[in-house]
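Residue numbers (numbering that gives the first Met the number 0): 0 to 114.
All residues carry an ideal CB built from backbone N, CA and C; glycine is no exception.
It should be emphasised that the depicted structure is a prediction, and the values quoted were computed from it without experimental measurement.
The next block holds one structure in the form of structure tokens; read it before the comments.
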Amino acid sequence: MKSSLAERQPYNLSSPVALPRARPLTRLNAPGNTMARKGSGTDGPLQTALLESTFAATTRASEGQKIFSPIAAFLDKHRSQTAGLAPHLLRALTALSDDLASIAQQHFNAYISGI
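Printed below as a string of structure tokens:
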């Protein structure tokens with residue numbers, strides 16, 4: 000007998016549950032990988048370094064998104080509010096907006112790269 004969604008107990012996200020550490024999926028640990036491995040369940044130093052780098056890059060990307068997303072949203076909104084501007088004002092606004100977007104992109108790329 001199937002239970003309905005209303006009858007099921009909701010997940011309790013506040014209770015501490017020890018979950019296994021999820022490893023990012025890479026070419027090296029993907030199903031069907033034929034590369035030699037050092038023992039069952041034991042990563043070699045190169046694979047460990049690669050996994051740590053992947054995790055660090057993913058973390059930087061997530062943090063970069065938090066930092067730079069509001070800036071991108073501001074620029075997008077500002078660029079969309081050009082109705083009624085004289086052509087010379089529109090050119091000036093576009094130039095400023097393009098420069099700000101370029102600088103924000105450079106800083107985002109540097110942050111993601113760990114520079």
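Membership of L95 in the alpha helix (DSSP H) is indicated by the continuous run 86-112. Under the 8 Å Cβ criterion, the stretch 63-71 counts as touching the stretch 95-113, having at least three qualifying pairs. Check the Cα spacing between I114 and each of G43, Q46, E51, A55: the tightest is with A55.
Between I111 and R59 the beta-carbon gap is near 5 Å, inside 8 Å, which marks them as a contact. Under the three-state reduction of DSSP output, D75 falls in the helix class. Note on geometry: alpha-carbon atoms of Q46 and A91 lie some 51 Å from one another.
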